[in-house]
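> Protein chains in written order, with the working numbering: chain B, 1 to 472; chain W, 473 to 896. Okay, handing you the structure first.
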Amino acid sequence: MSLALESRLAAIVGEKRVLARPSELRVYESDGLPGYHHAPRLAVFPATRDEVIDVVRLLAETKTPYVARGAGTGLSGGALANGVVLLGLHRLKRIISIDVENCRAVVEPGVVNANLTAATAPLGLHYAPDPSSQTACTIGGNVSENAGGPHCLKYGVTLNHVIALTVILPGGEIITLGNPDGEDDGIDLLGAFIGSEGCFGVVLDVTVRLVKNPQAIRTLLADFASVDSAARAVSAIIASGIVAAALEMMDAPTIHAVEASIYAAGYPTDAAAILLIELDGPLAGLEEDVARVEKFCLDAGARGVRIATDAADRARLWQGRKKAFGAMGRVSSHLVVQDAVVPRTKLPAILAEIGRIGVARGLTVCNVFHAGDGNLHPNIPYNANDPVESAHVHEAMREVMEACIAAGGTITGEHGVGLDKLPYMASLFTPSTLTAMCTLRTVFDPEQRSNPSKVVPIHSCREWHAAPSARP
Amino acid sequence: MSVTTGSIPCAIPGSPLDLASGGIDACVHCGFCLQACPTYLALEDENDSPRGRIVLMRGLVEGTLATTNEDVHTHIDRCLGCRACETACPSGVPYGHLLEATRATLTAVKPIPFVARAILFAFARRPLMLLFMFGGRLTRALGLSRLLASLPGRLGFAMAMLESTRASITRKRYSPDSSGSRGSVAVLTGCVMEGLFAETNRATERTLSMNDYSLVLAPQQRCCGALHAHAGDAETARTLARANIEAFEAAGADYVAVNAAGCGAMMKEYGQILEHDAGWHERAVSFSARVRDVSELLAEAGPRTGGALPLTVTYDAPCHLLHAQRIATPPLRVLGAIPGLTLVPLNASDQCCGSAGIYNLVEPDVSNRVLAPKLANIALTGAPLVATGNPGCLMQIGAGLQQAGVGVRAVHPIDLLDASYGNL
């Protein structure tokens, strides 16, 4: 059976692009969260749209479950193909068209996020959602996860920048969602698809909005002696009505990891927290906003605020922030990267609570996050080969999640539920909401073959309760 | 799906990879290295990426992959060793070190391919190496390399490489004066550099003199051992390292100047390759601390401005200069000291050209796929000269340009500065 499938897939994409030996599948065991790993049954790597279509239709014909994967940089285990077929889309990396007049582009799903911005930069345009992994992650993956990024505070997330999608449904039907020329009539299925974490189908092409590069940019680095005062500065800036392009916080352990790396940005290593604040837009009025933000920081207790001197300085400040999570390999051999959201005003309290949880379990928590929208990323470096420490980490993460939910927040801001956050879904949603999600999924994927057993815990679906014999 | 737990003992205790395996733990699998990797971009398989190869290395250490596994050999062999992943890695994974340790571990199971072994054998023996280089010069002088450069396959490419070593620019003779105030320098004359680029070595000496360094000879010097280390022949690399340390200690200069980026990177790592050799480690560390790329020494001195040289040039960064030695601006300072020279930026100049020592002879197919975008980007600049400070890159890019018949030449930046000084 597997042999037959393997050779039929090879007939579509070529022999070299179907991997079946365990030693070659090994590297596809996990995404960006390697604490979870399991080899796919097969991995197939089409290079063209037609090949993707043929592969998906063959999988439909043979009723084979599969997981679509971009660059494998996701942080929720969402692209883990545990024993099923892994459908890699990173070879579809063509920018199909750039329409300068209408500020939009059509790209294949495997285009790397930063490559799109690089291609449009000479035209004075950029693709606004800028996840920290933007130098590696793909637009297709961004669509699946509804990826965010530091600049989403002002510009919005992936959802706000994708205007149309061509999708092949798991059954093999090709549909268009959204409308590049304006709002679609009827129910917003495009909105439903973006962030569906690979459970609704496979993206064939993406029409994205491009944003004009701002006339001027000012990047501020504010240095605080306490996390609490940094959090208060965040609240003051937001309350003032100034819409920062980005408003990021990093705490001391994170600063130390970054400053030890090749991306050392000159962050103050004796600070308890720093804020990286970017203001952009027309030059008129910008300096006034910069002065006000500077004052909010100083009033909240900042020890100093410095403004990036030039483009190179600004790039350096941002590189440090964006590579921060990767830099934590310096602290320990493994890392859990967490993603949760709380109402912004609850930031000081929740940060204190996270600190308390870490101390109670003897763990180092490194916080690096989008403070402006209350999107936390508590990261815990640890040694996964130490079963006791691993257990502590998992417990601590559960406690952090529960604290965020109790504060009125949620369990993911941008990384998705995937596999990692399945256990928290039932704490956040009622059984009927979860059932509604299952029902929506079956509209796109009636056989539940596309990224099976992710996002919605299967046991929360009514059908599952109705048919106990189907339980694993 | 499983969650990693439990402590795993090393399956290859005492092997070079076991000794280096701590470096594997720094990888958190973030994937930021993927787009920096030329073989991943060319082959589009994570098995041919840094992150993927680290997974394979981990498999060897944990014993879930055997050292005899063919797939492991294939993907480890295919690595260029350009180390562009190191300058992309936030966690500081010592990838180059891990790669060499892995190769040293794997060569115990499967010997290095014949072509590579023959070259390594010759380079480690001075008389053979000199004979080899003499043969090269003879072939070049007789015009055989020009005749055969258009042949398809490895032989044609090797001939094009040889043909590309002819001087790319003309220059006037001059007599440098040196105050010696910046200290004394012994130059690594090298194997290929002295064999096929002797004039660049003389240019190195002249330009250093022009910038107030005094020259000291180190006649006992040998091959730097980089090719051996990269291929997994760690023992020969260590033997050559010890010989060079001795030779340059005897010379007693303040600095060891290197005009071949690959050799410079190796010599700066003698401290590391002799880490477990108690009798030599300290000497190796202090030797490595004195090694400088020639562009570093020149940039330190200014360098002194030359005479007008109205040329349009683009610059390609050798991987072992940019990624291994982390030297980015000194070569640009060298070119900046030349009045009249127009520098056109090269797109993706931080990407490998596919030379990688003798990789282009051992893995010609992948090497060509890595070279293709480099040539395309060079063509986009419109410059008739591409400057790069490493013999492997000079010959790889030179051969590609030669075979493309576009009339563009590769040149060492030091040759340009030397020509500029000739015009003073």
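The beta carbon of each residue, even a glycine, is placed where N, CA and C say it ideally should be.
Go through its chain and collect everything with a Cβ distance to B/G301's Cβ below 6 angstroms, but skip five positions before and after it.
Within the first sequence, numbered from 1, the residue matching residue 301 of chain B stands at position 301. Cβ within range, chain order: S229.
> Rounded to whole angstroms, how far is the Cβ of W/P836 from the Cβ of W/F629, which I believe are closer than 8 angstroms?
As a first step, residue 836 of chain W must be located in the second sequence, where it is residue number 364. As a first step, residue 629 of chain W must be located in the second sequence, where it is residue number 157. Sure, about 7 angstroms apart at Cβ, within 8 angstroms.
> Just how far apart, CA to CA, sit B/N179 and B/A164?
Looking up residue 179 of chain B in the first sequence gives position 179. Looking up residue 164 of chain B in the first sequence gives position 164. One C-alpha to the other measures close to 5 angstroms.
> B/A225 to W/S827, Cα distance in whole Å?
Counting from one through the first sequence, the residue named residue 225 of chain B turns up at place 225. Counting from one through the second sequence, the residue named residue 827 of chain W turns up at place 355. About 50 angstroms.
> Given 8 angstroms as the limit, tell me if B/G285 has its C-beta closer than that to any heavy atom belonging to the ligand COA.
Ligands are entirely absent from the displayed structure, and the ligand COA is therefore not among its contents.
> What's the call for B/I475, buried or exposed, on a 16-neighbour Cβ count within 10 Å?
Since the displayed chain B opens at 1 and closes at 472, residue 475 of chain B lies outside it and no answer follows.
> Taking only three categories from DSSP, how would you classify B/F224?
For this step, residue 224 of chain B is matched to residue 224 along the first sequence. If DSSP states are grouped into helix, strand and coil, B/F224 belongs with the strands.
> Using a Cβ-Cβ cut-off of 9 angstroms, state whether B/R449 counts as contacting chain W.
Start at 1 with the first residue of the first sequence, and residue 449 of chain B comes out as number 449. Output row for B/R449: interface = no.
> Comparing alpha-carbon positions, which option in B/V112, B/A231, B/G266 and B/V84 lies nearest B/D299?
Residue numbering aside, residue 299 of chain B sits at position 299 when the first sequence is read from its first letter. Nearest of B/V112, B/A231, B/G266 and B/V84 to B/D299, Cα basis: B/A231.
> Counting beta carbon pairs with one atom in the region 181-200 of chain B and one in the region 135-149 of chain B, are three or more of them shorter than 8 angstroms?
Contact holds: three or more Cβ-Cβ distances are below 8 angstroms.
> Do W/E671 and W/A639 come within 9 angstroms of each other at the CB atom, strictly closer than that value?
As a working mapping, residue 639 of chain W is identified with position 167 in the second sequence. As a working mapping, residue 671 of chain W is identified with position 199 in the second sequence. Closer than 9 angstroms, so yes.
> In the DSSP assignment, find the alpha helix (DSSP H) that holds B/M397 and state where it starts and stops.
For the purposes of this step, residue 397 of chain B is taken as the residue at position 397 of the first sequence. Per DSSP, B/M397 belongs to the alpha helix (DSSP H) from P387 to A406.
> Do you know how far the Cα of W/L833 is from the Cα of W/A725?
By 1-based counting over the second sequence, the position of residue 725 of chain W is 253. By 1-based counting over the second sequence, the position of residue 833 of chain W is 361. Going by the C-alpha atoms only, they are around 36 angstroms apart.
> Below 8 angstroms on the Cβ atoms is my contact criterion, and I expect B/S450 with B/P170 to pass it. Report the Cβ-Cβ distance as a whole number of Å.
By 1-based counting over the first sequence, the position of residue 450 of chain B is 450. By 1-based counting over the first sequence, the position of residue 170 of chain B is 170. The Cβ separation is near 4 angstroms, so the contact holds.
> Counting only C-beta atoms, is W/V501 closer than 9 angstroms to chain B at any point?
Here residue 501 of chain W refers to the residue found at position 29 of the second sequence. Reading off the sequence, residue 501 of chain W comes out as His, not Val. Chain B, which has a Cβ nearer than 9 angstroms to the Cβ of W/H501, makes this yes.
> Report the residue from B/G140, B/N160, B/L153 and B/I187 whose alpha carbon sits nearest the alpha carbon of B/V167.
One-based indexing of the first sequence puts residue 167 of chain B at position 167. Ranking the options by Cα distance to B/V167, first place goes to B/G140.
> Please report the distance separating the alpha-carbon of B/A192 from that of W/A538.
If you number the first sequence from 1, residue 192 of chain B lands on position 192. If you number the second sequence from 1, residue 538 of chain W lands on position 66. Using only the alpha carbons, I get a separation of about 46 angstroms.
> W/T540 bridges to which residues according to DSSP?
Taking the second sequence and counting its residues from 1, the one referred to as residue 540 of chain W is at position 68. Answer by DSSP bridge pairing: none, since W/T540 is not bridged.
> Is it a yes or a no for the region 28-37 of chain B touching the region 499-509 of chain W, going by three-plus beta-carbon pairs under 8 angstroms?
Judged by Cβ distances under 8 angstroms, the region 28-37 of chain B makes contact with the region 499-509 of chain W, as three or more pairs qualify.
> Report buried or exposed for B/D185, applying the criterion of at least 16 other Cβ atoms within 10 angstroms of its Cβ.
Along the first sequence, read from residue 1 onward, the residue named residue 185 of chain B stands at position 185. Exposed, because fewer than 16 other Cβ atoms sit within 10 Å of the Cβ of B/D185.
> Would you call the CB atoms of W/P811 and W/G778 closer than 9 angstroms?
What you label residue 811 of chain W is simply residue 339 of the second sequence in a count that begins at 1. What you label residue 778 of chain W is simply residue 306 of the second sequence in a count that begins at 1. Yes, they are a contact pair.
> Looking at the structure shown, is B/R209 part of a helix, part of a strand, or coil, going by DSSP?
In the first sequence, the residue the question calls residue 209 of chain B occupies position 209. Residue state, collapsed to three classes: strand.
> With 9 angstroms as the threshold, decide whether the Cβ of W/C453 is near any Cβ in chain B.
The question about residue 453 of chain W has no answer here: the residues shown for chain W are numbered 473 through 896.
> Along chain B, in chain order, which residues have C-beta atoms closer than 7 angstroms to that of W/Q693?
For this step, residue 693 of chain W is matched to residue 221 along the second sequence. Result: empty, since nearest Cβ-Cβ is about 32 angstroms, beyond 7 angstroms.
> Is W/N832 helix, strand or coil by DSSP?
Residue mapping note: residue 832 of chain W aligns to position 360 of the second sequence, counting from 1. Three-state result, W/N832: helix.
> Any chance the region 321-330 of chain B sits against the region 375-385 of chain B, with 3 or more Cβ pairs inside 8 angstroms?
Yes: the two stretches touch, three or more of their Cβ pairs being nearer than 8 angstroms.
> Where does the unbroken beta strand (DSSP E) through W/V688 begin, and where does it stop?
Taking the second sequence and counting its residues from 1, the one referred to as residue 688 of chain W is at position 216. Counting along the chain, the beta strand (DSSP E) containing W/V688 begins and ends at S686 to V688.
> Between which two residues does the beta strand (DSSP E) carrying B/N367 extend?
Within the first sequence, numbered from 1, the residue matching residue 367 of chain B stands at position 367. Per DSSP, B/N367 belongs to the beta strand (DSSP E) from C366 to F369.
> Do you know how far the Cα of W/E666 is from the Cα of W/R674?
Here residue 674 of chain W corresponds to residue number 202 of the second sequence, with the count starting at 1. Here residue 666 of chain W corresponds to residue number 194 of the second sequence, with the count starting at 1. Near 9 angstroms, if we compare the C-alpha coordinates of W/E666 and W/R674.
> Counting Cβ pairs closer than 8 angstroms, one from the region 562-576 of chain W and one from the region 529-548 of chain W, do we hit at least three?
The region 562-576 of chain W, when compared against the region 529-548 of chain W, does touch it at the 8 angstroms Cβ threshold.
> Would you kindly work out how many angstroms separate the C-alpha atoms of B/V67 and B/P431, rounded to a whole number?
Mapped onto the first sequence, residue 67 of chain B falls at position 67. Mapped onto the first sequence, residue 431 of chain B falls at position 431. Looking at the two C-alpha atoms, the distance is approximately 26 angstroms.
> Return the chain-ordered list of same chain residues with a C-beta closer than 8 angstroms to the C-beta of W/L627, the five sequence neighbours on each side being excluded.
Within the second sequence, residue 627 of chain W is the residue found at index 155, counting from 1. L620.
> What residue does the beta strand (DSSP E) around W/I810 start on, and which one ends it?
Looking up residue 810 of chain W in the second sequence gives position 338. Per DSSP, W/I810 belongs to no beta strand (DSSP E) and is neither H nor E.
> Any beta-carbon of chain W closer than 9 angstroms to the one on B/N367?
On the first sequence, position 367 is the one that residue 367 of chain B refers to. False, the Cβ-Cβ gap to chain W never drops below 9 angstroms.
> Counting only runs that start and end within the region 508-565 of chain W, where is the alpha helix (DSSP H) found for 4 or more residues in a row?
Counting only runs of 4 or more, we get 510-515, 522-534 and 542-549.
> Between the region 770-799 of chain W and chain B, which residues of the former have a C-beta closer than 9 angstroms to a C-beta of the latter?
Listed by position, the residues of the region 770-799 of chain W near chain B (Cβ gap below 9 angstroms) are R798.
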